[in-house]
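Participant: This is the structure I have questions about; it appears just below.
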Amino acid sequence: MSTNDVAAVAPAALALHRIRYLDWSPSTITSLAVSPVYRAASASSSASSSRGILAIGRQNGDIELCVWLENRAAHKAEVLHRSFHTYAKGWIVHTLLPGQLNSKIEQLAFANPPVEGDNGVHKLRLFSISGGAIVTEHFLPADIAILGAKSNNGSRSNTSSGNLGGLSTLFPGRADKSSADQHVPGAIRTVPSLGGAVWSMAVSPTGRYLAIGCEDGHARIIDLVDNKFEHLASSSNRGADVSARLGKAQGRIISLAWGPPKRASRAATTANGGSAQSKQQKEGDSSDSDSDSDSSDSDSDDDDDDDAAESGWKETFLVGGLGNSSAAVWDVASGRIASKLTVQKARSEATIVWCVATLPDGTIVTGDSTGRVTLFDAKTRVPIPGATFRSHTSGADVLSLCVGPDGKSLYSAGVDQKVAEYALVASASSKRGRWVQIAARRLHAHDIRSLAIDPPYDPMLSVDALAQGVGTAVGKLPILLSGGVDFNLILTPASPPSGLTMALAAGAAAGLPNSNKRKKNPLMSAAEQEQALINPISSNAVTTFADSTQRRIPFVPSTARSGSVGGGSVATVCRGKGWIVLRREHSIGIWDLGIKDENHGGLNELGEEASAVPPQWTKLLEMELKVNSNLCSVAVSPNGKFLAASDMYETKLFALRERISQQHQTDLEPRKVKSFASVFGHDDDVAPGASALSFSPDSSRLVLASWSGSYVHVVELPSAEAGASAGTCRLLRSFGQHRQRPGSASVGDVGASSNNPQGRQLAGRNGVAASKQNGSNGQGHGNGSGSGSGDDAGHPARADDETGRRNSARGGQSDRVERSTSSLIHHVQISSDGAWLSTISSDLQHHVFSLDSLTFERTLPSPHALPSGSSFHPSTHAARSSMLTLVFSDNKIEFWDVESGKELSSIAHLDTASSGDGSLGGSSGEKRKAGGGALAKRAGQGPRAEWEAQMANLKLRVQERLMSIRESAIGAVWVGKPDDGGIKETLVVWGPTWICTARHDAQSTTSPAAPAAASNGGSASVSRPAAAQDGDGDVEMADLPGSTSGAVSGTGPAAATAAAGVPGAGPGRGGGWHIKHTHKYQPLLLVDSIATGRGQVKKDDLVVVERPFYELARNLPPAFHRGARYGA
């Protein structure tokens, strides 16, 4: 083979532009909270493996609601293969509640108060304080509120059948209006403290009360029962249990904690007007009804029993830390201060008790400003001898305490960046044992503001276990969470320190294969599967706090969704102008990268280095917006003429005009488009707030997903001839599909049914039924039903077919009912040709619309989890422009054809997988060798079938490579010059600390002679770019010298090609795809493509935006440090 022949098949390289000058800074973590567990679920031997919802409070007022990520359900044949497993487990942002203007979060608290009514449904609620004189309740999205609530059987809704955040847990088993929240997600309601600034708060163990510590020294009680949010009145039926107002302490109440509850006698409960009387009334009412009741009645009876069990608990005391070297203990029944705890005082100033906690036996724990952690006896209320610990540096304030789930472990953290562990161990001198310090670890680089643990400490469960003389059952590995000023969230395994735990860990470690064997074997061993279940945080088999390996969660946004409401990226690019746009809390910045029409290096098509010219970036715009909350979404049109920005309440559209100053510098002049707000018909002429925004590729339309109501609005923008700022906008269509949910009368296997009570949209086994339900007339197919041909796939639908699809879509909507609440739309994507619109909401409803005819097309099957990123194929050819790529946080990808409603990457499309790529068992070497033949066989069935086989194979190969990466995937983008005659684009999947590229290698399937020529020392090895390669065939991405641009090679070196003696057999290769990944670029704010070049010579370059921690550390206050003192 000649040099020219090799150059013809060698994929061109991608130029990479590395950006580090964006002045974005994350907000400090101020509070962490984990949703409570329930006694029925905790005590059950078959407790769910799902974990609680994590709320992260930020200094800027944002609250991130995170759900636990687990392995998804898979086909039996897929379970053992590495490509269907993931090590990327942890909490992933599901919804972000934007902070209000000039707000901050000082403390968060979850509560699950009982509801007095026939429905008996508990709803998760979230409260916060911000240092002012009010307490705020944040209305959670309906799927999150019900996800963390108690179902009728006393356990979490449907958690036993799926992972948290998945389909099986997002919807309640019973459609009950009372369980739905009538408020818009993110809305708030407040209660004044009536006593000045609120310094602290705590939810009672039964979830009925919220105690707040005020500036005037009073601790006040807020009633939460039956969806109340008001100060407890003296005339309340529960007034005999808890006093409405507690006695005044000397000084402000810095911290609060409720004591462990105690069981109350049934007679006392009835006398106090508790739920025993209510239960008797319910039983009397139910006796008048018919004996033939449905299953929901029996569920209600079970829930009544559970509520009665909860009402049998009685609150005991409340402890509050003060700023005068003491803590006060209130008897909540009488409201009087029962005792006063005194902590050690410094010589010159009073000691501040920053945090307090209580243990199952009534022991009180304090953490103060001297760095001490002190345990007080439950009866005498004096410090326990030998239980005052100086684990923190002297003078380093202890800011947070956390009790372990078993009630026998304790953790403290403060400004000295250390986390200390304490445990109750057996002692011959005391029946209760003695407390000892186990370890102290420096996990952070700055002050630690908050600690939390999952599963959280359950006082009622621990009190019962203590009374029975048994240990508290913990069904899963405790994980300690810590966060603070250094922006990072740290996850640390924290199993109880015991010899049994160490022995089990050692046995599991002995059975694990080494790294080389794991890379060669596509199947997971039993030891690996067991270890993945034992420790989801790291590969360390030891899970005790002192010896485990922590995981640092990067501080960059964890998803690439269309707005901040889904934790989306803060940066976006303007492809047509070469700009990058940065979204902050209240402002927007725009930079010109300086790479639009210049050559900035890279590798040319022959693999030779091109001359590198450093780009000259310039700041074009810095704009401060008048908003009522933090910005939710920002989008810029591809031609750079329009900029849209939105908070929770209003969307604003600006026309951008470039101007050149006298110094020959270019900047942007924004002008508000006044006609934009009036097209929505609101009386106040305000455009609705948007959870997601997106411009069409031709910059003629703006798609707005409204925050309130979940409408999808399509707005026509003014033309350039009419004047962008003075022109008139026009509302073309508003879609309300996301306001609906599938009804019970669904067709076939799609929608809700007796086997699918969650209201999800399922892929039907009957393709015709699925197509009809999705609004198709037979032209498009359901998931895995049939396959399109290469001839008819590229043609648009005829007019009569379009009419039939619309009529069928209307008929499908007749089975969908209006919801009393709306979900939040997280994804809005428009295809490259502007023909298709894809939207995905928080309740996993995936709808497809046609922008050509402005009609609703179909509802696709709900994904197994909320995607972290989505993108269309860059091709404008009809055969590929409708291909949508979905990326999930568990490092899985899917390819969908939105026109036919069919998944291209389904395993059904790779019919020779069991003998072609080694994905489903057997010898991996033999099956990888047969992969090329399988694809060649599919090639004979037409270009469409070959395309689907390539996508299915790409999915397997990428997932197999990403399986061992623990950081979750953020997004994906197709990069390269689209060529409809072949596959020449590169798929780039990226996470916070890694980039993975998948490039189709034409030699693997079309030119078998190329490897032979390369192996014989031919000219092929000369024309290929040289790069460093490791044992896995990964090629390092290297920046070009003297430039901020780098080059990402499209293939490996000639040696790797020579090793691939058969199609797909080389390192990093699989079925015609060359896959590699790198950890060189991190942490990543954005990875996207941008069009560069001039005239006919145009190409796509990769833009990588980083934000290193050392850049952020410059703006942080000095960290606490106290060196050795004289005489120490």
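According to the UniProt record's numbering, the stretch in the sequence shown is residues 1 to 1128, in order.
C-beta: ideal position from N, C-alpha, C; glycine also.
Return yes when the Cβ of V356 is within less than 8 Å of the Cβ of V319, no when it is not.
Facilitator: In contact: V319 and V356 (Cβ atoms closer than 8 Å).
Participant: Just checking G567 against the ligand GDP - is the residue's beta carbon closer than 7 Å to any of the ligand's heavy atoms?
Facilitator: For the ligand GDP, the structure offers nothing, since it holds no ligand at all.
Participant: Relative to the C-alpha of E70, which residue among S968, A1091 and I212 is closest?
Facilitator: For the residues S968, A1091 and I212, the minimum Cα distance to E70 belongs to S968.
Participant: State the DSSP-derived secondary structure class of L375, mapped to helix, strand or coil.
Facilitator: Correct three-state label for L375: strand.
Participant: Looking at the secondary structure, which residues open and close the alpha helix (DSSP H) in which M883 lies?
Facilitator: Counting along the chain, M883 falls outside any alpha helix (DSSP H), though it belongs to the beta strand (DSSP E) covering M883 to V887.
Participant: Beta strand (DSSP E) containing R552: first to last residue?
Facilitator: R552 -> beta strand (DSSP E) spans R551 to I553.
Participant: What is the residue span of the alpha helix (DSSP H) that M201 lies within?
Facilitator: Counting along the chain, M201 falls outside any alpha helix (DSSP H), though it belongs to the beta strand (DSSP E) covering V198 to V203.
Participant: Under 8 Å Cβ to Cβ from A202, same chain only, skipping five residues before and after it: list those, please.
Facilitator: Excluding residues within five positions, the ones whose Cβ falls inside 8 Å are A109, L210, A211, L256, A257, W258 and L318.
Participant: By alpha-carbon positions, which one of A949, S50 and D1088 ends up nearest to V989?
Facilitator: The candidate whose alpha carbon is nearest that of V989 is D1088.
Participant: Would G90 count as contacting chain D if we go by Cβ distances under 8 Å?
Facilitator: Among the chains of the structure shown, chain D does not appear; only one protein chain is present.
Participant: Out of curiosity, what's the CA-to-CA distance linking K672 and T666?
Facilitator: Going by the C-alpha atoms only, they are around 20 Å apart.
Participant: Name the two residues that bound the continuous beta strand (DSSP E) containing M623.
Facilitator: It spans T618 to E624 - the beta strand (DSSP E) in which M623 sits, taken as one unbroken run.
Participant: Considering just the uninterrupted stretch of the beta strand (DSSP E) at E137, what are its terminal residues?
Facilitator: From DSSP, the beta strand (DSSP E) with E137 extends over I134 to H138.
Participant: Using three-state DSSP, classify F676 as helix, strand or coil.
Facilitator: Reduced to three states, the DSSP call for F676 is helix.
Participant: Do you know whose CA, among A55, P497 and T95, lies nearest S868's CA?
Facilitator: Looking at the Cα atoms, T95 is the closest of the given residues.
Participant: I need the boundaries of the beta strand (DSSP E) containing A244, first residue and last residue.
Facilitator: Note, A244: premise wrong, no beta strand (DSSP E); not H, not E.
Participant: Quick one: what's got a C-beta closer than 6 Å to S633's C-beta in the same chain, skipping five residues either side?
Facilitator: Correct list, in chain order: G563, S646, A690, A692 and L693.
Participant: Beta strand (DSSP E) containing W974: first to last residue?
Facilitator: G971 to V975 is the span of the beta strand (DSSP E), which, as asked, contains W974.
Participant: According to the Cβ coordinates, are G362 and R434 closer than 8 Å?
Facilitator: No. Outside cutoff.
Participant: Would you tell me roughly how many angstroms separate the C-alpha atoms of S696 and A396, rounded to the nearest one?
Facilitator: Roughly 55 Å separates the two Cα atoms.
Participant: Just how far apart, CA to CA, sit A15 and T1092?
Facilitator: The straight-line gap from Cα to Cα measures roughly 10 Å.
Participant: Ends of the beta strand (DSSP E) at A257?
Facilitator: I253 to W258 is the span of the beta strand (DSSP E), which, as asked, contains A257.
Participant: Let me know if L824 comes out buried or exposed under the rule of 16 or more other beta-carbons within 10 Å of its beta-carbon.
Facilitator: Result: buried.
Participant: Near L101, which residues of its chain fall below 7 Å by C-beta distance, leaving aside the five closest residues on each side in sequence?
Facilitator: Within the same chain, L101 has close Cβ partners V627, N628 and S629.
Participant: Can you find at least 3 beta carbon pairs, one from the segment 479 to 488 and one from the segment 449 to 456, that sit closer than 8 Å?
Facilitator: Yes: the two stretches touch, three or more of their Cβ pairs being nearer than 8 Å.
Participant: In its own chain, which residues sit with a C-beta less than 6 Å from the C-beta of I553, not counting the 5 before and 5 after it?
Facilitator: Excluding residues within five positions, the ones whose Cβ falls inside 6 Å are L489.
Participant: Provide the residue span of the alpha helix (DSSP H) that contains V463, from first to last.
Facilitator: Unbroken alpha helix (DSSP H) run through V463: P459 to Q468.
Participant: Which two residues bound the contiguous beta strand (DSSP E) that contains K1076?
Facilitator: W1073 to T1078 is the extent of the beta strand (DSSP E) around K1076.
Participant: With distance defined between alpha-carbon atoms, name the residue in K984, R1107 and V1103 nearest to W1073.
Facilitator: Of K984, R1107 and V1103, the residue nearest in Cα terms is K984.
Participant: Buried or exposed: E650, going by 16 or more other Cβ atoms within 10 Å of its Cβ?
Facilitator: So E650 counts as buried.
Participant: Taking its Cβ as the centre, do 16 or more other Cβ atoms sit within 10 Å of Q468, making it buried, or is it exposed?
Facilitator: It counts as exposed.
Participant: Just how far apart, CA to CA, sit L621 and R659?
Facilitator: Looking at the two C-alpha atoms, the distance is approximately 11 Å.
Participant: Do you know offhand how far W24's Cα is from R583's?
Facilitator: Taking the straight line from one Cα to the other gives about 8 Å.
Participant: So, at 6 Å on beta carbons, what are the nonlocal neighbours of D833 in its own chain, with the 5 sequence-adjacent residues on each side left out?
Facilitator: Only T876 and S881 meet the Cβ criterion.
Participant: Could you compute how far the alpha carbon of S675 sits from the alpha carbon of P557?
Facilitator: For S675 and P557, the distance between alpha carbons rounds to 33 Å.
Participant: Give the secondary structure of A350 by DSSP, where H, G and I count as helix, E and B as strand, and everything else as coil.
Facilitator: In the structure shown, A350 sits in coil (DSSP, three-state: anything other than H, G, I, E or B).
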